[in-house]
Amino acid sequence: MINKKYYIENYGCQMNISDSEIICSILDNEGFIKTENFKTANIILINTCSIREKSEQKILLRINQLKFLKKKNNNIIIGILGCLAQNFKKKILKINNIINLVLGPDSYREIPSLIRKIYKKSGKYINTFFSKNETYADILPKRDKNKITAFVTIMRGCDNMCTFCVVPFTRGREKSRDPHSIIKECEFLFKKGYKEIILLGQNVDSYLWYGGGLKKNFKKSKIKNERIINFSNLLELVAISVPFMRIRFCTSNPNDMSYKVLNIIKKYKNICKHIHLPVQSGSNKILSLMNRKHSREDYILLINKINKILPNCSISCDIITGFCNEYEYDHNETLNLMKLVKYNFSYMFIYSHRIGTYAYKNLIDNVSLEIKKRRLKEIISLQRKHSYFRLSKSIGYIQEILIEGISKKNINFFYGRNSKNEIVIFPKKKFKIGDFLKVKINNCTSATLIGDILN
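What the sequence shown shows, in the numbering used here, is residues 7 to 461, in sequence order.
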């Protein structure tokens, strides 16, 4: 008899969280029961990330820790899902013999049937084939019960082939989801009481619906232009469909961000005024080595356009320091770009070689760890100054905040976000999580706004 209790552990980005919700929905629809305690589960699924070396090492360590469960009960099924599974494929079975199941991001529908096969025949199963059409558009993700923010995946994969990035190899080429299913899901979430949706994709600006299939095959199709829906079209459709929900999106690519998208953001009040626009480096030489398809000058032009069309829009970014052949001049170019833009916040990382990428195969990781750490420290220090500068500009103003939860540092305070994706903390008073309210900003740190609810 099959023990249908499963436990799922998630690592990595928002896309992985969304995928885990899809996996839970698939399993629940087949009669499996989710548990929050892995010790009570007979099926343990690890949804993995492979974007950085640190992420991989953390997951491999976690897999090793699960050996004690197998010793206690050899019938326990352990499955490795997602990007690490896709990247390592059969290698992961050799690394650790406790694993029964290895599935890439396009194979989640097979989980229930493969679990039954394992119970019936034992053995190990692997499927890391990419699908040209799989977007899980017909599956309603099983979300937690907070009913505040929901992730809605609109496209999967990436075609950009940045030399440092494993995403095209772990998630495949770009394919967009049917816009009708996206609108239907957003409307369902509104009816269920959710207050905010985040449209997700490796590169949302590259969204293109022409009837299904890989984006790279679009030119071969015979679809008329008036039937094509791009990201600006989709963003407007969502804004109109759920006018009382906040709408966010990520992640954007500078090469694909259109001025039409900026004007759609300006047009609709329910689209949040925040754009995450990864730059990775301020040096044209490094951008070229990264195959980023945009120059420093292109990026600055786009930033200026954002500031002109959306003068109160916050901008965040990703920065990688210590990429192959990055000299001190290149590092200073990144610092100078940061000084020019003054990002509201940034995600900042040390470069690490990723197996399978162009950089791994063709470039030498020739910047020492010591230099990488020093450069990262300088980038973080500068970003803190810029974050404080941006946040301090809100002091004295009244902002609409969506309450997301209770402050970890003080249980008498709520925290929430404004339209610019900035975190605000304020005394609780009579409101509850999920409420929209007006808060007057009185102070700030380099990471948080501090205010009071207006009666």
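Beta carbons: idealized from backbone N, C-alpha and C, even for Gly.
Within a 10 Å sphere around the beta-carbon of residue 345 sit fewer than 16 other beta-carbons, which makes this residue exposed. In the structure shown, residue 250 adopts coil according to DSSP, grouped into three states. Straight across, the Cα-Cα distance linking residue 58 with residue 180 is about 21 Å. Less than 8 Å separates the beta-carbon of residue 216 from that of residue 234. Beta bridge pairing from DSSP links residue 458 with 446.
Taking a C-beta distance under 8 Å as the contact criterion, residue 132 and residue 96 qualify as a contact pair.
Among the bridge pairs identified by DSSP, residue 297 is matched with none. A distance of 8 Å or more separates the beta carbons of residue 18 and residue 138.
Contact between the segment 335–345 and the segment 363–371 is absent: fewer than 3 CB-CB pairs across the two stretches fall below 8 Å. Assigned with DSSP and collapsed to three states, residue 220 falls in strand. Across the structure, residue 177 and residue 169 are spaced so that their CA atoms are roughly 15 Å apart. No beta strand (DSSP E) of 3 residues or more sits fully in the segment 366–395. With contacts defined by Cβ atoms closer than 8 Å, residue 107 and residue 82 do not form a contacting pair.
Restricting attention to alpha helix (DSSP H) runs no shorter than 4 residues, the segment 51–113 encloses them at 59–71, 73–78, 89–94 and 97–101, ordered along the chain. Runs of beta strand (DSSP E) with 3 or more residues, each lying fully within the segment 110–164, are found at 131–133 and 155–159, listed in chain order. Residue state for residue 46 is assigned as helix, using DSSP reduced to three classes. If the five residues before and after residue 355 are omitted, its C-beta is found closer than 6 Å to the C-beta atoms of 326, all from its own chain and listed in chain order. Judged by pairs of C-beta atoms under 8 Å, the segment 264–276 does not touch the segment 284–292, as fewer than three such pairs exist.
For residue 203, the closest of 103, 277 and 283 by C-alpha to C-alpha distance is 277.
Look at residue 322 here: in three-state DSSP terms it is strand. In this model, residue 105 and residue 124 are separated by some 11 Å (Cα to Cα). Distances from the alpha-carbon of residue 380 to those of 321, 16, 453 and 338 put 338 closest. Scanning 430, 56 and 36 for the CA closest to the CA of residue 22 turns up 56. Judged by pairs of C-beta atoms under 8 Å, the segment 383–393 does not touch the segment 187–199, as fewer than three such pairs exist. Take the alpha-carbon of residue 61 and the one of residue 85: they are about 17 Å apart. The DSSP-derived three-state label of residue 22 is helix.
Around the beta carbon of residue 333, fewer than 16 other beta carbons sit within 10 angstroms, so the residue counts as exposed. The criterion of a C-beta distance shorter than 8 Å is satisfied by residue 258 and residue 211. In the DSSP annotation of this structure, the continuous segment of the alpha helix (DSSP H) that includes residue 311 starts and ends at 302–315. Taking C-beta atoms under 8 Å as the contact rule, residue 187 and residue 221 fail to qualify, at a distance of about 17 Å. Nearest C-alpha to residue 350 among 406, 283 and 438: 283. A residue is called buried once 16 or more other Cβ atoms fall within 10 Å of its Cβ, and residue 378 is buried on that count. For residue 452 and residue 371, the gap between their C-alpha atoms comes out near 33 Å.
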